[in-house]
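Report on one structure; see the data block that follows.
There are 2 protein chains.
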Amino acid sequence: MTPVRVACCQVRLTVGDVDGNTGRVRRAVEAAAEAGARIVVVPELANSGYVFTDAAEARSLAEPVDGSTVTGWVELARRLGVVIVGGFCELDPDGILRNSAVVVDDGGVRALYRKAHLWDREKLVFVPGDAAPPVVDTRYGRIAVMICYDLEFAEWIRLPALGGAQLLCAPVNWPWASRPEGERPSEVVRVQAAAATNRMFVAVADRTGAERGVDWVGGTVIADPDGWPIGGLALGREMTVVADLDLEAALDKRISDHNDVHADRRPELYAPVHATKEIHD
Amino acid sequence: MTPVRVACCQVRLTVGDVDGNTGRVRRAVEAAAEAGARIVVVPELANSGYVFTDAAEARSLAEPVDGSTVTGWVELARRLGVVIVGGFCELDPDGILRNSAVVVDDGGVRALYRKAHLWDREKLVFVPGDAAPPVVDTRYGRIAVMICYDLEFAEWIRLPALGGAQLLCAPVNWPWASRPEGERPSEVVRVQAAAATNRMFVAVADRTGAERGVDWVGGTVIADPDGWPIGGLALGREMTVVADLDLEAALDKRISDHNDVHADRRPELYAPVHATKEIHD
Numbered sequence: 001m002t003p004v005r006v007a008c009c010q011v012r013l014t015v016g017d018v019d020g021n022t023g024r025v026r027r028a029v030e031a032a033a034e035a036g037a038r039i040v041v042v043p044e045l046a047n048s049g050y051v052f053t054d055a056a057e058a059r060s061l062a063e064p065v066d067g068s069t070v071t072g073w074v075e076l077a078r079r080l081g082v083v084i085v086g087g088f089c090e091l092d093p094d095g096i097l098r099n100s101a102v103v104v105d106d107g108g109v110r111a112l113y114r115k116a117h118l119w120d121r122e123k124l125v126f127v128p129g130d131a132a133p134p135v136v137d138t139r140y141g142r143i144a145v146m147i148c149y150d151l152e153f154a155e156w157i158r159l160p161a162l163g164g165a166q167l168l169c170a171p172v173n174w175p176w177a178s179r180p181e182g183e184r185p186s187e188v189v190r191v192q193a194a195a196a197t198n199r200m201f202v203a204v205a206d207r208t209g210a211e212r213g214v215d216w217v218g219g220t221v222i223a224d225p226d227g228w229p230i231g232g233l234a235l236g237r238e239m240t241v242v243a244d245l246d247l248e249a250a251l252d253k254r255i256s257d258h259n260d261v262h263a264d265r266r267p268e269l270y271a272p273v274h275a276t277k278e279i280h281d
Numbered sequence: 001m002t003p004v005r006v007a008c009c010q011v012r013l014t015v016g017d018v019d020g021n022t023g024r025v026r027r028a029v030e031a032a033a034e035a036g037a038r039i040v041v042v043p044e045l046a047n048s049g050y051v052f053t054d055a056a057e058a059r060s061l062a063e064p065v066d067g068s069t070v071t072g073w074v075e076l077a078r079r080l081g082v083v084i085v086g087g088f089c090e091l092d093p094d095g096i097l098r099n100s101a102v103v104v105d106d107g108g109v110r111a112l113y114r115k116a117h118l119w120d121r122e123k124l125v126f127v128p129g130d131a132a133p134p135v136v137d138t139r140y141g142r143i144a145v146m147i148c149y150d151l152e153f154a155e156w157i158r159l160p161a162l163g164g165a166q167l168l169c170a171p172v173n174w175p176w177a178s179r180p181e182g183e184r185p186s187e188v189v190r191v192q193a194a195a196a197t198n199r200m201f202v203a204v205a206d207r208t209g210a211e212r213g214v215d216w217v218g219g220t221v222i223a224d225p226d227g228w229p230i231g232g233l234a235l236g237r238e239m240t241v242v243a244d245l246d247l248e249a250a251l252d253k254r255i256s257d258h259n260d261v262h263a264d265r266r267p268e269l270y271a272p273v274h275a276t277k278e279i280h281d
């Protein structure tokens, strides 16, 4: 199987500057395609920016899935022959604000996902989605999508992994947090663990560009099924991380003569998780 | 709350040398207690060693939970005023071989756990347990226990975490595997992620001492609720990792004004994990 080149574009975004943001995203995707990328991941809320003053400001920046941002990505995907996975501030058909992401290719919008686990003040702005992360067959492999804080929930990652995803793409906006000297960002560590425990590639596109006192990890990363970051770590700069991935490798979950990370699960024993949760609620 | 000193003893073990192994474990626990540790974790299969030729050899080394190894740990716990968490090769009351671990303190054997996810050739030797990791109230805090490969299953870690465990103790024998230059052992990365996504301390005692061609990571580690390794990384040597833990910190699952790593779970959406698994079986 020929490896597929995957690019994660760590783009500088500015809250409220939809034209500027979508322009920078477009140029990053064009440059990635020019460099041979066939799957391109761009950040969460890549049209609107992140640090809204309030829900009204988010609403003023939100677009339907057939609005100019996603329509622009579909045109770009067709023109460049790439798959694009990106996040955008969505006004859904019921007029509800969603933190959403799409998978688009020359077939148009292949999947629309709405973030199910909302971070901090997002809870004051967005309504979380209730649908599992989609798994989409593309010409380059089976791609799943989720957004940022969703990645912290291993149960959520299991769904597309068990659904056969070879590559999980995650648009994120990881707010900056201090870490001990010499340590990698904790978000990256968790992505490594998610990749390894599912033997699945995970490609994350973070952002840069401080907004209203919030700065970002800038932790764009591509992890392989062993959990190792490949293609380098971005760590803060506006840049694109690129790696050539043998996505077939993610179909093989064996890790020893007698072990398979998925077949070794014992889901009949995990059900008490839910019972325990109910007791604690 | 006064911090409690936790020690994880990375002991050299030799398959078949029960007296030598239990003696080295005893001396390591005594030294840890002397240095002020109140909770001491020792490796998996700390009586028997690991690389059995076959099930018959394991059977010849196995002991009931009231055998000399665990009885010795209870005596040690009483004499030193410590909690000991350690793994041993168990012959259960039905004559079945188990890869087990106990939590012992001055009250005796407080919990007996049988490894539920078996690694590689363990499947030819042991029968896996079916019971969730126990959570034990000790005078120093709520302690849970699981063993080695169990740690790779985030669903399994959720059970004691949701059950209120402040400190998950894990006896392990991590077989050595190559890793890219400059990378931390992948097992340690996954422990960091488990700690952070549950805001729980995790204390792992690995081993040293090559056996029949198998060497070990020697990755003994204590991770805090942010997922950072504290007290250093052992990385191969026979040594003890020590850290003073404020176990109260593990009771607070909040990570922002609006987020709590457990309350933010959406278990009603995770059930398809099990359905998906059944389809794939």
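Line order of the protein sequences matches chains V and C.
The letter at position 25 of the first sequence is residue 25 when you use UniProt numbering, and the numbering goes up by one with no holes.
The letter at position 90 of the second sequence is residue 90 when you use UniProt numbering, and the numbering goes up by one with no holes.
Virtual Cβ for every residue (Gly too), placed ideally from N, Cα, C.
Predicted model only: the values in this text are computed from it and were never measured.
If you reduce the DSSP assignment to three classes, tell me which class residue i lands in.
i: Leu247 of chain V; result: helix
i: Glu57 of chain C; result: helix
i: Cys8 of chain C; result: strand
i: Trp216 of chain C; result: strand
i: Val188 of chain C; result: helix
i: Pro229 of chain V; result: strand
i: Glu211 of chain V; result: strand
i: Val18 of chain V; result: helix
i: Ser267 of chain C; result: Before going further, note that residue 267 of chain C is Pro rather than Ser in the sequence given. Pro267 of chain C falls in the helix class under three-state DSSP.
i: Ala205 of chain C; result: strand
i: Val25 of chain C; result: helix
i: Lys277 of chain C; result: In this predicted model, Lys277 of chain C has a pLDDT of only 37, less than 50, meaning its place in the structure is not dependable; the value taken from the coordinates is given anyway. Three-state result, Lys277 of chain C: helix.
i: Pro3 of chain V; result: coil
i: Asp150 of chain C; result: helix
Taking only the alpha-carbon atoms, compute the straight-line gap between residue i and residue j and give it to the nearest angstrom.
i: Glu63 of chain C; j: Leu247 of chain V; result: 46 Å
i: Gly218 of chain C; j: Ser100 of chain C; result: 20 Å
i: Ile39 of chain V; j: Val65 of chain V; result: 20 Å
i: Lys277 of chain C; j: Ala161 of chain V; result: Note that Lys277 of chain C scores a pLDDT of 37, beneath 50, so its modelled location is shaky; the value from the coordinates is reported in the next line. Each residue's Cα considered, the two are about 10 Å apart.
i: Lys115 of chain V; j: Pro128 of chain V; result: 6 Å
i: Gly72 of chain C; j: Ile96 of chain C; result: 22 Å
i: Val15 of chain C; j: Asp54 of chain C; result: 12 Å
i: Glu181 of chain V; j: Glu90 of chain C; result: 42 Å
i: Arg24 of chain C; j: Thr208 of chain C; result: 12 Å
i: Ile131 of chain C; j: Asp106 of chain V; result: Position check: residue 131 of chain C holds Ala in this sequence, whereas Ile was assumed. The straight-line gap from Cα to Cα measures roughly 50 Å.
i: Ala275 of chain V; j: Pro267 of chain C; result: With a pLDDT of 41 at Ala275 of chain V, under the threshold of 50, the modelled position of that residue is not reliable, and the figure given next carries that caveat. The straight-line gap from Cα to Cα measures roughly 9 Å.
i: Met239 of chain C; j: Val29 of chain C; result: 11 Å
i: Ala234 of chain C; j: Ile222 of chain C; result: 10 Å
i: Ala7 of chain V; j: Thr138 of chain V; result: 16 Å
i: Ala58 of chain V; j: Val18 of chain V; result: 11 Å
i: Ala154 of chain V; j: Phe201 of chain C; result: 18 Å
i: Lys123 of chain C; j: Asp252 of chain V; result: 20 Å
i: Pro133 of chain C; j: Ala31 of chain V; result: 50 Å
i: Asp215 of chain C; j: Glu44 of chain C; result: 14 Å
Looking at residue j and residue i, is the spacing between their C-beta atoms short of 8 Å?
i: Val109 of chain C; j: Phe88 of chain C; result: no
i: Tyr140 of chain C; j: Val4 of chain C; result: yes
i: residue 290 of chain V; j: Ala263 of chain V; result: This structure leaves residue 290 of chain V out entirely; chain V is present only between 1 and 281.
i: Gly67 of chain C; j: Asn21 of chain C; result: no
i: Cys169 of chain V; j: Ala196 of chain V; result: no
i: Val11 of chain C; j: Val42 of chain C; result: yes
i: Asp226 of chain C; j: Ser60 of chain V; result: no
i: Cys148 of chain V; j: Val125 of chain V; result: no
i: Ala46 of chain C; j: Leu80 of chain C; result: no
i: Cys9 of chain V; j: Ala205 of chain V; result: yes
i: Asp103 of chain V; j: Val83 of chain V; result: Strictly speaking, residue 103 of chain V in this sequence is Val, with Asp absent from that position. Yes; because the gap between Cβ atoms is below 8 Å, this pair is in contact.
i: Ile157 of chain C; j: Leu151 of chain C; result: yes
i: Ala193 of chain V; j: Val189 of chain C; result: yes
i: Asp120 of chain V; j: His258 of chain C; result: yes
i: Leu76 of chain C; j: Arg27 of chain C; result: no
i: Leu245 of chain C; j: Leu167 of chain C; result: yes
i: Val74 of chain V; j: Ala111 of chain V; result: no
Go to residue i, then tell me how far its beta strand (DSSP E) extends in each direction, as first and last residue.
i: residue 289 of chain C; result: The question about residue 289 of chain C has no answer here: the residues shown for chain C are numbered 1 through 281.
i: Arg142 of chain C; result: 141 to 145
i: Pro171 of chain C; result: 167 to 171
i: Arg158 of chain C; result: Element bounds for Arg158 of chain C: not the beta strand (DSSP E) but the alpha helix (DSSP H), 154 to 162.
i: Val42 of chain C; result: Where Val42 of chain C is concerned, there is no enclosing beta strand (DSSP E), given that its DSSP letter is neither H nor E.
i: Arg199 of chain V; result: Segment: none, Arg199 of chain V is in no beta strand (DSSP E) and carries neither H nor E.
i: Ala177 of chain V; result: Here Ala177 of chain V belongs to no beta strand (DSSP E), and DSSP marks it neither H nor E.
i: Ala223 of chain V; result: 221 to 223
Just reading off the alpha helix (DSSP H) that residue i is part of, what are its end residues?
i: Val51 of chain C; result: Val51 of chain C -> no alpha helix (DSSP H), and no H or E assigned at all.
Suppose only complete runs of 4+ residues qualify. What are the alpha helix (DSSP H) ranges in the stretch 54 to 136 of chain V, listed by chain order?
55 to 61, 68 to 80
Against chain A: residues of the stretch 171 to 203 of chain V by CB proximity under 8 Å:
Here chain A cannot be found, since the structure's protein chains are V and C.
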